[in-house]
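Structure first, commentary second.
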Amino acid sequence: MIDEVLFLRHGRTSYNLARRLQGQIDIPLDIVGRWQADQSAYELAKTYYWAKVAHLAEHNEQLAQPSYGGAHLASLDEINNAPAARRRMIVVSSDLFRARQTAHAFADLMGLDVESDPRLRERSFGEWEGMTREEICERYADDYRSWRAHTGGETKHGVESRVHTGRRGAEAVRDIVAAHDDDTHPTTLLLVGHGSWIVATVAVLLDMDPDDLNNIGAMRNAFWTRMTPHFNPVDPTLRTWKLEEFNQGPAIAATADWENGPESLRAPGMQSWKPIVQ
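Numbering-wise, this note's numbering comes out as the position in the sequence shown, counting from 1, plus 270.
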């Protein structure tokens, strides 16, 4: 049974840096995005190290052992009898490459597989994909202002609504959780996706309106959100959701320039990330 769900946003891409709407364009992580994904993976690996042990308890054959005759072998009992062996972790990623890169940064450390699910894709931005906000505002000023005010002007241009994005995400989360109801081990589900998708999905799971301007906020690159599902006492076939953490990142994000990465990664003339000015 899944009793914990983590939502992890992918690391930075060149489109994030240039402030272009990515939507479902398949853009890989840039050098800073790979650093961000690794830093978050290292941090999560500290908290969820038990998942590596749990995986080995399920797959004893994957434990590295000396291969020469007469060698002492590592004990399988100490793995199989460890408290960590009682849990499991599942990693599911959007099928877009930037998300899969971020998922593998963590999963490869832990020896875990990564499943892909297209329902975790970012919100589609229709004909606006690839454009900057300045370009959109110049060409579609009224619809741009409506988009920023959460009144839906963007949908005229094939942009997926926040509500549809959230419902699509919530349906995927509920389906994955329900598919593991009969599992004997308590399980943590790590979902690796995209900023707008995570925010809209979390809002729907919390019975909030994704178009509410006073919503939960935005997600930084390679930050995570944590929720726990609980059976509804009125209807046991349903679950209620509790938001445990939102937009959390590794400790290094508080001391380093998270959006631009360390100076050792910045080539001469590299563009600097700057916050959006409304």
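Built from N, CA and C at the ideal position, the CB exists for glycine as well.
Extent of the continuous alpha helix (DSSP H) to which residue i belongs
{"i": "F376", "result": "F367 to M380"}
{"i": "R437", "result": "R432 to A449"}
{"i": "R409", "result": "R403 to R409"}
{"i": "V323", "result": "W320 to E328"}
Where residue i sits in the DSSP three-state scheme
{"i": "D504", "result": "One point to set straight first is that residue 504 is Val, not Asp, in the sequence displayed. Residue state, collapsed to three classes: coil."}
{"i": "S345", "result": "coil"}
{"i": "D273", "result": "strand"}
{"i": "Q306", "result": "helix"}
{"i": "T421", "result": "coil"}
{"i": "E515", "result": "strand"}
{"i": "L314", "result": "helix"}
{"i": "T495", "result": "strand"}
{"i": "T525", "result": "coil"}
{"i": "L287", "result": "helix"}
{"i": "T510", "result": "strand"}
{"i": "L278", "result": "strand"}
{"i": "L535", "result": "helix"}
{"i": "L299", "result": "strand"}
Chain-order list of residues whose beta-carbon lies under 6 Å from that of residue i (same chain, five-residue window excluded)
{"i": "G519", "result": "F493"}
{"i": "W543", "result": "L287, E529 and N530"}
{"i": "H280", "result": "R368, A369 and T372"}
{"i": "T458", "result": "E274 and M359"}
{"i": "M380", "result": "A321 and K322"}
Separation of residue j from residue i, as counted between CA atoms
{"i": "W398", "j": "D347", "result": "56 Å"}
{"i": "A449", "j": "M271", "result": "9 Å"}
{"i": "A311", "j": "Y285", "result": "22 Å"}
{"i": "R409", "j": "R415", "result": "12 Å"}
{"i": "I468", "j": "L276", "result": "10 Å"}
{"i": "T435", "j": "T471", "result": "7 Å"}
{"i": "V361", "j": "S337", "result": "31 Å"}
{"i": "R496", "j": "E274", "result": "7 Å"}
{"i": "L535", "j": "H464", "result": "24 Å"}
{"i": "T454", "j": "A537", "result": "50 Å"}
{"i": "P456", "j": "R509", "result": "16 Å"}
{"i": "G293", "j": "E441", "result": "19 Å"}
{"i": "Q332", "j": "L326", "result": "6 Å"}
{"i": "G539", "j": "D452", "result": "54 Å"}
{"i": "D482", "j": "C407", "result": "22 Å"}
Buried/exposed call for residue i, threshold 16 Cβ in 10 Å
{"i": "F501", "result": "exposed"}
{"i": "P499", "result": "buried"}
{"i": "A521", "result": "exposed"}
{"i": "Q309", "result": "buried"}
{"i": "N330", "result": "exposed"}
{"i": "E514", "result": "exposed"}
{"i": "T525", "result": "exposed"}
{"i": "P480", "result": "buried"}
{"i": "V504", "result": "exposed"}
{"i": "D413", "result": "buried"}
8 Å Cβ shell around residue i - same chain, five flanking residues per side excluded
{"i": "V323", "result": "I349, A352, A354 and A355"}
{"i": "H342", "result": "P336"}
{"i": "A488", "result": "G465, V469 and N517"}
{"i": "D387", "result": "V362, S363, S364, D365, A442 and I446"}
{"i": "Q541", "result": "L287 and A288"}
{"i": "I295", "result": "Y285, E399 and G400"}
Endpoints, beta strand (DSSP E) assigned at residue i
{"i": "V462", "result": "T457 to G463"}
{"i": "V384", "result": "V384 to S386"}
{"i": "V361", "result": "R358 to S363"}
Close Cβ partners of residue i (< 7 Å) along its chain, the five nearest in sequence each way excluded
{"i": "M401", "result": "R290 and L291"}
{"i": "V384", "result": "V361, S363, R370, A373, H374 and A377"}
{"i": "T283", "result": "Q292, I297, P298, L299, D300, G303 and R368"}
Residue i: CB within 6 Å of a non-hydrogen atom of the ligand FAD
{"i": "L475", "result": "Inclusion of the ligand FAD in the displayed structure is not the case, the ligand content being empty and no account of it being possible."}
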